[in-house]
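Residue numbers for the sequence shown follow the numbering used here, so the first one is 11 and each next one is one higher. What follows is one structure encoded as structure tokens, with my remarks underneath.
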Amino acid sequence: MDFSAAIAAQIAGNRVYCDVLVEMDFVDGMRRLYNGFGPLTTNDGKTWEGIGGLGSVNGLRQSIDGKAEPVDLTVSGVDRHFAAQAKGSRANWYMRSVVVYLQFFGDDWQPLDMPLAVVLADMRTLEIKRVSTDDGMLYTVSIRSEGKFITRKRPRYGYYSDTDQQKRSPGDKGCERTRGIENHIIPFPDN
């Protein structure tokens, strides 16, 4: 990864100030979160909501042997509006993009340069937990996302469907009747 001179100088020092930023593209609006307090405006002009240290991102690691690892995002203590946005229709979040950034800060906690994108993934599963507390409801949103390369070992047109068969061998009728038989029991031999 190439760093700017300002970030490289900070990395060479004794302390590195950085945080993880998460951008989730829901159909009904973009949500940008970071693990700090209050709003954060980065040098690219985007404003990020602080979640007060209540978030975690697991799965940010170097790929070994070409594996495409899933990334798990957990945000606790979100407001009911974010929970409702996340819980909405599956079409609102499924296969929508999540970008995880790394933002470096100076000694005065002001952003250095632009955020660096470290993960680009698609949301696959989403779970919301709600717990009643003395202060009201506490919402926790957990998202499992998978990178763009998760299916790269799957052969192109690797399904036994008519569409894939037509891509492999145009005009072949071997799979034209496979649609609709997924959950049917076919007795064999026919007596």
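Note that beta-carbon positions come from the ideal geometry of N, C-alpha and C, so glycine has one too.
Which of the three DSSP states, helix, strand or coil, is assigned to residue i?
i	result
Thr188	coil
Asp174	helix
Ile21	helix
Arg134	strand
Arg90	helix
Arg100	helix
Across which residues does DSSP place residue i in a beta bridge pair?
i	result
Pro121	Phe115
Trp58	Leu50
Ala127	Tyr111
Gly146	Thr143
Asp82	Asn68 and Arg154
Have a look at residue i and residue j and give me their C-alpha separation to the nearest angstrom.
i	j	result
Thr51	Val141	31 Å
Gln113	Gly60	14 Å
Gln175	Glu192	17 Å
Phe47	Ala18	26 Å
Val129	Ser179	36 Å
Ser14	Gly116	13 Å
Arg134	Gln20	36 Å
Ala22	Arg189	59 Å
Asn68	Ala131	13 Å
Leu136	Arg106	12 Å
Lys158	Arg41	20 Å
Pro49	Ile196	60 Å
Thr2	Leu122	Missing from the structure shown is residue 2; the chain here goes from 11 to 201 and no further.
Glu79	Pro199	44 Å
Lys183	Lys177	12 Å
Quick check: residue i and residue j, are their CB atoms within less than 9 Å of each other?
i	j	result
Arg187	Asp172	yes
Ser86	Gly65	yes
Asp29	Asn45	yes
Met124	Asp54	yes
Ser152	Asp89	no
Val108	Val37	no
Phe92	Tyr149	yes
Val110	Ala94	no
Ile138	Ala101	no
Tyr27	Trp103	no
Between which two residues does the beta strand (DSSP E) harbouring residue i extend?
i	result
Glu33	Tyr27 to Phe36
Arg42	Gly39 to Tyr44
Asn68	Gly65 to Asn68
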